Amino acid sequence: MAGPLEQFTIHNVTDPLFTIGNHPIAVTNSAIFMLGAVAISSVLLLAGAGKGAMIPGRVQALAEIFYEFIGNMVRDNVGSAGRKYFPFIFSLFIFTLFGNVLGLMPYGFTFTSHIAVTFFMAASIFLAVTLIGLFKHGLRFFSLFFPHGAPLFTAPILIPIELVSYLSRPISLSVRLFANMTVGHVLLKVLAGFVVALGIFGAVPLAVLVAITALELLVAVLQAYIFTILSCIYLNDALHLH
Amino acid sequence: MPVSALRASGWGAILAILPAAARAEGGMPQFDVSTFPSQIFWLVVSFALLYVLMSWLVLPRIGHTIEAREAKIQSDLDAAQKANDAARVAAEAQRKALAEARGKASATLRQTTDAAAAETTASLAAIGEKLAGKIGEAERRIAEQRAQALAGLSSLAAEIAGSVLGKLVGTVDGTQVAAKVAAAVETARKGTK
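The following block contains the structure:
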């Protein structure tokens with residue numbers, strides 16, 4: 014039987030299409046699930062946005078729920094200045110959500126369980142947010158590293174702490190998503206191994222497996238939410254400082 | 013930081029129960045650096061595609077629909093408010109008109125009743141007067157006839173008495189008899205009264 018980590022293996026589905034630098038780029042199982050997440054979510058949301066009926070049908074209601082959910086999240090956490098980042102935040106949520114949930118499907122692959130993906134996303138967000146803050150506030154942006162109103166003599170302690178905490182944001186953001194997804198899938202796989210190994214008594218881990226699958230579905234949605242809302246909070250820090 | 017986050021997520025516990033073989037095979041596929049360029053390439057491509065689709069096609073349409081719906085609801089609410097106000101004004105006007113009409117009607121009624129009552133009183137008075145006149149006339153005539161009858165009675169009595177006396181005693185002085193009879197009649201009348 015395959016080991017619990019084998020589900021994370023990335024393999025090429027096609028021959029390499031081209032190379033970037035020295036790296037051959039082929040269509041992989043990860044790529045299929047990324048593009049699949051984009052295709053499924055786009056079809057769903059385009060269908061929901063298509064008619065624009067006054068009284069929404071089911072698909073339109075779903076699309077509008079997503080829209081208003083992220084719209085409120087951006088408004089509550091970033092304010093009106095976050096309006097122009099709404100499409101990005103919305104895409105971020107949809108991408109992570111569909112990536113997490115599609116990974117729970119049988120034979121699925123979870124591209125968000127790869128640190129390369131989550132760290133690239135988190136680092137890009139971190140970099141973009143930092144640049145936005147620098148462009149908007151210039152050097153005043155660095156007041157972010159010294160809490161407003163703290164006594165001046167605490168600066169030698171506070172500034173390094175704030176700086177480390179700021180710089181660790183992309184790491185915590187990416188590892189949180191990656192680790193949650195990986196651990197959940199490993200746990201499911203290990204439990205599934207017990208079901209086979211225990212024969213008739215495998216019913217017990219099977220029941221646990223059902224419960225854990227429900228839990229993982231919750232985690233998948235929750236982690237997409239957390240990833241998105243933290244991005245909003247970081248953006249808000251850059252736009253409004255403290 | 014990553015280490016503590018991993019541990020916090022229970023990663024260490026999971027690692028501990030992994031079969032040794034899996035780890036011996038070269039560790040986690042997540043740390044296979046050779047897959048990174050391909051993953052990042054597809055991530056950029058698919059996310060860019062999603063972002064373009066969302067920001068160009070999906071989000072403006074949904075936003076437009078929601079705004080149109082809110083505008084529609086607001087205009088409907090405004091129209092309802094306006095209609096409600098108009099209805100209230102109309103109800104007020106109607107109430108006023110009704111009260112006015114009621115007042116006018118009761119005034120007319122009172123006036124008519126008063127006029128009818130006055131007419132009745134007047135005609136009753138006229139009739140009463142006429143009746144009183146007739147009664148007075150009748151009484152006067154009765155009294156007259158009575159007096160006439162009474163006067164006739166005393167002269168009749170004197171005539172009867174004169175003729176009776178003439179038959180009995182021969183000639184009689186008519187005037188004397190008449191006076192006496194008249195006195196007697198007078199006495200008798202007084203006695204009967």
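In order, the protein sequence lines correspond to chains A and B. First residue of the first sequence? That's 14 in our numbering, and the numbers climb one at a time after it. First residue of the second sequence? That's 13 in our numbering, and the numbers climb one at a time after it. C-beta: ideal position from N, C-alpha, C; glycine also. Predicted, not measured: the structure shown is a model, and the values here were computed from it.
- Counting every other CB atom within 10 Å of its CB across the protein chains shown gives Lys-202/A a total of 16 or more, marking it as buried.
- When CB distances to chain B are screened at a threshold of 8 Å, not a single residue of the segment 209-243 of chain A falls below it.
- Within 10 angstroms of the beta-carbon of Leu-136/B lie fewer than 16 other beta-carbons, which makes it exposed.
- Using a Cβ-Cβ cut-off of 7 Å, Ser-55/A counts as an interface residue toward chain B, since at least one Cβ of chain B sits closer than that to its own.
- Leaving aside the five residues that flank Ser-187/A on each side, the residues in its chain whose CB is nearer than 6 Å to its CB run, in chain order, Thr-131, Phe-132, Ala-135.
- Using a CB distance cut-off of 7 Å, His-127/A counts as an interface residue toward chain B.
- If you look at Phe-43/B, you'll find it isn't in any beta strand (DSSP E); DSSP assigns it neither H nor E.
- Judged by beta-carbon spacing, Ala-233/A lies within the 7 Å limit of Leu-117/A, meaning their Cβ atoms are closer than that value.
- Rounded to whole angstroms, the gap between the alpha carbons of Trp-54/B and Phe-108/A is 13 Å.
- Using a CB distance cut-off of 7 Å, Ile-85/B does not count as an interface residue toward chain A.
- Note that the segment 16-32 of chain A touches the segment 193-212 of chain A; at least 3 beta-carbon pairs, one per stretch, sit closer than 8 Å.
- For Glu-175/A, no chain B residue has a C-beta closer than 8 Å to its own C-beta; the minimum C-beta separation is roughly 14 Å.
- A distance below 8 Å between beta-carbons, with the five flanking residues on each side excluded, links Gly-121/A to the following residues of its chain, in chain order: Phe-46, Leu-115.
- Close partners of Leu-89/B in chain A (Cβ separation under 9 Å) are lacking, with about 15 Å as the shortest Cβ gap.
- Against chain B, the CB of Pro-100/A has a partner CB under 7 Å away; the residue lies at that interface.
- For Ile-138/A, there are no C-beta contacts with chain B under 9 Å, since the nearest C-beta of that chain is about 11 Å from it.
- Using a Cβ distance threshold of 7 Å, Phe-139/A and Pro-183/A count as a contacting pair.
- Burial check for Val-196/A: the Cβ neighbour count within 10 Å reaches 16 or more, so the residue is buried.
- Following the DSSP letters along the chain, one finds Ile-53/A inside the alpha helix (DSSP H) bounded by residues 42-63.
- In the same chain as Asp-250/A, and ignoring 5 residues on each side of it, the C-beta atoms closer than 8 Å to its own belong to Val-142, Gly-146, Leu-157, in chain order.
- Membership of Phe-82/A in the alpha helix (DSSP H) is indicated by the continuous run 71-90.
- Taking the Cβ atoms as the reference, Leu-62/B lies roughly 7 Å from Ser-55/A, within the contact range of under 8 Å.
- Under the three-state reduction of DSSP output, Thr-32/A falls in the strand class.
- Sixteen is the threshold: since fewer than 16 other Cβ atoms of the shown chains lie within 10 Å of the Cβ of Gln-157/B, the residue is exposed.
- Excluding residues up to 5 positions away in sequence, Pro-37, Ile-38, Ala-39 lie with their Cβ nearer than 8 Å to the Cβ of Pro-29/A in the same chain.
- Under the rule that a run must span 4 or more residues, the alpha helix (DSSP H) segments found entirely inside the segment 175-248 of chain A read 182-210.
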